[in-house]
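Residue numbers (the working numbering): 1277 to 1419.
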């Protein structure tokens, strides 16, 4: 994914970029931007390459590998955790009686634990700057 935006502020290692919201933004959320209702722009935190200053145009890019990894974590991992919880609950429920009830309780627990783990993983990744888009300065001839 590549987008063009304007730098709002520059920090030591990160930059805030304002990007005009496109028609696909309402459903995607891939860039992690903060969208205000009714606003036609969104603010994205990114790492930067080269020299940038407020007002500069930059190109934001997220690697396909990071996108696939995040998609797996957000969509597939909770399903796997729920399936494992269902299996454990079913096995436990066979000995306690009413295996179906225990299976669904453990499935819900596995799903809840996966979201708890994902929240923790998100906080650690955010502190480390992992999965942030990269902002590269654009020259006028690049446009």
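For each residue, glycine too, the CB sits at the ideal point set by N, CA and C.
In this structure, residue 1330 lies near residue 1285, with their beta-carbon atoms less than 8 Å apart.
Here the segment 1378-1396 makes contact with the segment 1349-1369; the two share three or more CB pairs at distances below 8 Å. Excluding residues up to 5 positions away in sequence, 1362 and 1365 lie with their Cβ nearer than 8 Å to the Cβ of residue 1380 in the same chain. If you look at residue 1368, you'll find it in the alpha helix (DSSP H) that goes 1353-1372.
The secondary-structure analysis by DSSP pairs residue 1412 across a beta bridge with 1325 and 1335. Per DSSP, reduced to three states, the secondary structure at residue 1288 is coil, with no helix or strand assignment. Taken through DSSP and simplified to helix, strand or coil, residue 1406 comes out as coil. Listed in chain order, the non-local C-beta contacts of residue 1316 below 8 Å within the same chain comprise 1296 and 1297, local neighbours out to five positions each way being set aside. Here the C-alpha atom of residue 1318 lies approximately 25 Å from the C-alpha atom of residue 1396. Taking C-beta separations shorter than 8 Å and ignoring five residues to either side along the sequence, the partners of residue 1376 in its chain run 1366 and 1369, following chain order. For residue 1345, the three-state secondary structure derived from DSSP is helix.
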